[in-house]
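Working notes, beginning with the structure itself.
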Amino acid sequence: MRYRTGMLALLCIALVVTASAFTFFMIFPAHASNSDTIGNAVNTQQLNNTVMSEVKITHNRKTTAPFHISTQNATVTPTATAITLPYNNIGTVMDQGTTSATANTNFDGAHNGYSQNALIKSGLFSGTSWFGNSNYYQEVMVNGTPFDWPNVAYGAPDNIASAGQVIALPATANAPSLGFLGAATGGIASGTATITYTDGSTQTFTLSFDDWTLGGGNAKLSSFDRIATAMTYRDRQGGVIQSVKTYIFYTSVNLQTSKTVQSITLPNKSSLHIFSIGFGQSSYYNPYSNTGISDDANTHAANLDGSGNSYSMQELSHYILPGDTINYQGTQLYWPNVLGGSPDNITADGQKVTFDASYASGKTKIGFVGTASGGPGCGTVNVLLGDNTTYGYGLCWSDWTLGGGKQYPLNTDTYFLGFPDRNTASGSKQVVKTYLFYSEIILPKNETVSAITLPTSTHAPNATTPGGQWHIFALGLGSGDYTMNVGSTADSSTHIFGNFDGAYNSYSTNAMQKAGVVPVSLPTSQTGVNNLLNKLTFNGVTFYWDQNASVLPDNMSLVPDGSQQKISLNNPIPDEDSGTIPVNPVSNATKLAFLGSSTNGSSSNSFIILFSDGSSQDVTVSFSDWCASSPSFNNQIALSMPYRNTPTGSQTRTNHLYYAEVTLQAPLHPGAVPVSLVRTANPGSGIMHIFSIGLK
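Counting from 1, position 345 in the sequence shown corresponds to residue 345 in full-length UniProt numbering; the numbering is continuous, with no gaps.
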C-alpha cells in the first residue's frame with residue numbers, strides 16, 4: 001500500500017467518507033489486488049467463533065418478526081396454526097458418539113433412520129432433544145406453508161407411519177392448501193387420503209411421497225414432490241453413519257377455500273411417513289426474491305450470484321439456524337425461517353419494510369446482514385421517520401467473495417460470518433472464501449423509524465455504473481453507542497477488517513497492551529456470562545472498552561454529518577451484546593473524561609451533557625489526530641504505540657490514544673449524575689473516535 005508524503009502523512013490522514021443521514025457521502029472503493037493473498041489470510045473459523053462469542057442467539061420460538069416486508073400491499077406475516085400429530089414411528093437418531101442415550105430408530109423397517117446431526121445441520125431440530133428446552137420450537141416456512149418440526153424427547157416417536165389415522169385439524173377458514181413434510185420407504189408410496197370439512201362434506205386426494213433416499217440415488221424426483229431439505233448421509237442402528245443421501249419432501253393438496261377443514265384421514269400405507277402438516281397461507285407474500293443457501297446434498301437448488309453458486313447451509317448452521325433471533329451489538333436481527341434451497345434473501349427492488357411502532361420505540365439504529373454478488377453495490381435506502389419526514393441513507397455491500405479474495409471490504413461493512421468455500425450447481429465445493437457482512441443506519445436523535453424503502457437499483461462505489469446485486473438476509477432495529485468502526489486488530493490476525501481511518505489501518509492490540517492496556521473479564525447481568533474488556537487507568541480514571549478480536553466494532557465514530565449522535569453514560573456493567581460504551585461509575589464526580597483520538601485530522605465536537613435531574617451542560621470535546629507528532633487541545637497522551645497495523649502487516653508509524661476531560665457543573669439536585677451525552681455539532685472534517693468514557 002502506498003502512503004502520501006508531506007503534511008498529510010504527519011497526521012495519518014485518509015480521505016474518508018461514509019454513508020449516513022442527510023447526505024450521501026462517497027465510499028472508499030474496495031481495493032483490488034492482482035493476487036488472492038488477501039483472502040487467503042482470513043481464518044474464517046477463528047473469526048466466526050469470535051463473532052459468535054459476542055452475540056446472543058435465541059433459537060426459533062415461533063415468534064413473528066416485529067416488521068413486515070411488502071410489495072403491492074402484501075405482507076410477510078403468516079398466521080401459523082399448530083397441528084398436533086399422533087407420532088407412532090421413531091425415524092431419527094443421533095450420530096454415534098453424540099449422546100449416551102439410545103433411540104430405537106426404525107424408519108424403514110431395517111433399523112435405518114435420519115441422522116439428527118445431519119438434520120440440525122440442514123436447519124431442522126427438536127428443541128427438547130437438542131437443547132433440553134421444549135420452548136425452542138423449530139417452525140420453518142416451505143412454499144408459503146408454516147410447519148412445526150417434531151419437538152419431542154430423544155428416542156420418542158417423531159413421525160407418523162400412515163395407517164388410516166383420523167387427525168383432527170384446528171378450524172381454519174379460507175386456507176388455500178394443506179401441506180405435508182415427509183417421505184416414503186421402500187420406493188414411492190401413495191394412498192388415498194380424505195379431508196372432512198365442518199359442513200360434513202369430504203374431499204379425497206392421493207397423498208404420495210418419493211423414497212427417502214430417491215432409490216439410493218438411482219431415482220428422479222417425482223412431479224408431486226419438492227425437496228424440503230437434503231442430507232448427505234443417514235444413520236444405521238446405534239447412529240452408525242452410512243453415506244446415502246436422504247431427503248425430506250414437501251407436497252400439498254389444494255383445499256376448497258369456501259369451507260373450513262375439520263380433519264384428515266390418512267391413507268392405510270405404513271411406508272408413507274409424515275413429520276409435519278401445515279395450512280398454506282392465503283395472504284402470504286414471500287419477501288425473499290433469491291435463493292442463496294443450499295444443502296450440500298442438493299446444491300443446484302440455490303443460485304446466489306446468477307452462476308449457480310451459493311452458501312452452504314451445513315456451514316452456516318454451525319452458527320445460525322433458520323428462524324434464529326440474533327442480538328448483534330445491541331441490534332435484534334431476524335434470520336429467515338426457511339431451509340436450504342428455499343428463497344432466503346431480499347434482492348433490493350423497491351421493497352418497503354414497515355416496523356411495528358412498539359418495536360421501533362426507543363431504537364437508534366437499523367441493522368442489516370447481507371452481501372453483494374457480481375461486485376460491490378451501493379444504493380439509497382429511504383427511511384420514513386415517525387414525524388413523516390424521509391431521509392435517504394447510502395448503503396453499500398462488499399462482494400460476497402471479496403472479488404475472489406482480491407479485494408478489501410468496503411469501509412461501510414463489518415465482518416459478520418465467513419466460510420471456506422461455496423456450493424456450485426454441479427454439486428461440488430469450490431474453494432473460494434465467502435462472507436456475510438453487517439451494516440447499519442444510525443437514526444437521528446429522538447426520531448423513531450416507521451418504515452424503510454430499499455433501492456430499485458444499485459451502482460458501483462463512487463460511480464454511476466451498475467453495481468453488484470444486493471442480498472439482504474436479516475434485518476432489525478437496535479440501540480447502542482458503537483458505530484461500525486473496527487479500530488484495533490491483533491498482530492497475528494488478518495487486518496483487512498480493521499479500518500480505523502477509512503484506509504484499512506488500525507491500532508495494534510498487541511502494541512496497546514505493551515503500552516499499558518490490560519485485558520480483563522467482568523461479569524454481566526447474564527448469569528455465567530462475562531464481558532471481555534480492555535482496561536486502562538490514566539490520570540485517576542479507569543477506562544473500559546470492548547475487546548473486539550480484530551473484527552467487532554470497538555469505538556464510537558462521530559462522523560462529520562451533523563447528526564445528533566447520543567452516548568449513554570449509564571452502563572457500568574454492560575451486557576456482552578449491548579454495543580454500549582462502559583462508563584465506570586464514580587460518586588460525586590467532578591470530571592467527565594474521554595479516551596479516544598481523531599482520524600482525517602483533528603476534530604472538535606460540541607456536546608450537551610444531560611443529567612438525571614433534567615439539567616444540562618454544553619461542553620466541547622476535542623481530539624488530536626491519532627498520528628499527530630504532538631497533541632493539541634490540551635490532550636494528554638494516554639497511550640503511545642510505535643507501530644500500527646495495515647492490511648499487509650505492521651507499519652512503523654507512531655500513533656496515540658489521547659485523554660481529554662471536561663469539568664462537570666454542579667447539578668440542580670444533590671446526587672444527580674450525568675446520564676447521556678448528545679453531539680450537537682462538528683465544524684471540521686476530522687472524525688472523532690471515542691473508545692471509552694470515565695468519571696472522576
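By construction, the Cβ of each residue, glycine as well, lies at the ideal position given by its N, Cα and C atoms.
query: Counting contacts by CB-CB distance shorter than 9 Å, is residue 155 in contact with chain C?; result: Checking the listed chains, one finds no chain C in this structure; it contains a single protein chain.
query: Would you identify the three-state DSSP class for residue 471, choosing helix, strand or coil?; result: strand
query: Can you tell which of 347, 230, 208 and 223 has its C-alpha closest to the C-alpha of residue 217?; result: 230
query: Assign residue 77 to one of three DSSP states: helix, strand, or coil.; result: Note on residue 77: pLDDT 44, under 50, position unreliable in the model; the coordinate value appears next. Residue 77 falls in the coil class under three-state DSSP.
query: Looking only at its chain, what residues have a beta carbon closer than 8 Å to the beta carbon of residue 274, apart from the 5 residues adjacent to it on each side?; result: 85, 159, 160, 162, 180, 181, 182 and 266
query: On the CB-based measure, 16 or more other CB atoms within 10 Å of its CB, does residue 279 come out buried or exposed?; result: buried
query: Excluding the 5 residues flanking residue 33 on each side, which residues of the same chain have their C-beta closer than 6 Å to its C-beta?; result: Confidence at residue 33 is low in this model, with a pLDDT of 46, below 50, so its placement is unreliable and the value that follows should be read with caution. Same-chain partners within the cutoff: 406.
query: Determine the burial state of residue 360: buried for a count of at least 16 other Cβ atoms within 10 Å of its Cβ, exposed for fewer.; result: buried
query: Taking the DSSP output, what are the residues bridged to residue 56?; result: 327
query: I think residue 291 touches residue 367, with their Cβ atoms under 8 Å apart; what is that distance to the nearest whole Å?; result: 23 Å between Cβ atoms; not a contact.
query: Cβ of residue 377 within 9 Å of Cβ of residue 403?; result: no
query: Any chance the region 658-665 sits against the region 589-599, with 3 or more Cβ pairs inside 8 Å?; result: yes
query: Assuming residue 508 and residue 641 are in contact, meaning their beta carbons sit under 8 Å apart, how far apart are those beta carbons, in whole angstroms?; result: 6 Å
query: With DSSP collapsed to three states, give me the class of residue 100.; result: coil
query: Classify residue 565 as helix, strand or coil using the three-state DSSP reduction.; result: coil
query: Shortest alpha-carbon distance to residue 416 belongs to which of 400, 255, 557 and 502?; result: 400
query: Look up residue 396 in the DSSP assignment and give the residues it is bridged to.; result: 378
query: Flag this pair as yes or no: are the beta carbons of residue 467 and residue 486 separated by less than 9 Å?; result: no
query: State the DSSP-derived secondary structure class of residue 177, mapped to helix, strand or coil.; result: strand
query: Kindly indicate which three-state DSSP category residue 363 falls into: helix, strand or coil?; result: coil
query: Starting from the N-terminal side, write out each stretch of the beta strand (DSSP E) that is 3 residues or longer and does not extend beyond the region 429-466.; result: 434-442 and 449-453
query: So is residue 131 buried or exposed if we call it buried at 16+ other beta carbons inside 10 Å?; result: exposed
query: Helix, strand or coil for residue 720? Go by DSSP, reduced to three states.; result: Missing from the structure shown is residue 720; the chain here goes from 1 to 696 and no further.
query: Would residue 344 pass as a contact of residue 473 if the rule is Cβ separation under 9 Å?; result: yes
query: Between the alpha carbons of residue 96 and residue 285, how many angstroms are there, rounded?; result: 41 Å
query: With H, G and I counted as helix, E and B as strand and the rest as coil, what does DSSP make of residue 416?; result: strand
query: Taking C-beta to C-beta, are residue 445 and residue 565 nearer than 9 Å?; result: yes
query: DSSP three-state call for residue 129: helix, strand or coil?; result: helix
query: Can you give me the start and stop residues for the beta strand (DSSP E) that residue 145 sits inside?; result: 145-148
query: If you follow the beta strand (DSSP E) that residue 262 is in, where does it begin and where does it stop?; result: 260-265
query: Is residue 28 helix, strand or coil by DSSP?; result: Bear in mind that the predicted position of residue 28 carries a pLDDT of just 42, short of 50, making it unreliable; the figure below should be weighed with that in mind. Residue 28 falls in the coil class under three-state DSSP.
query: In the DSSP output, what is residue 372 paired with across the bridge?; result: 399 and 470
query: Below 9 Å between beta carbons: does that hold for residue 354 and residue 669?; result: no
query: Are residue 272 and residue 203 touching if we call contact CB-CB under 9 Å?; result: no
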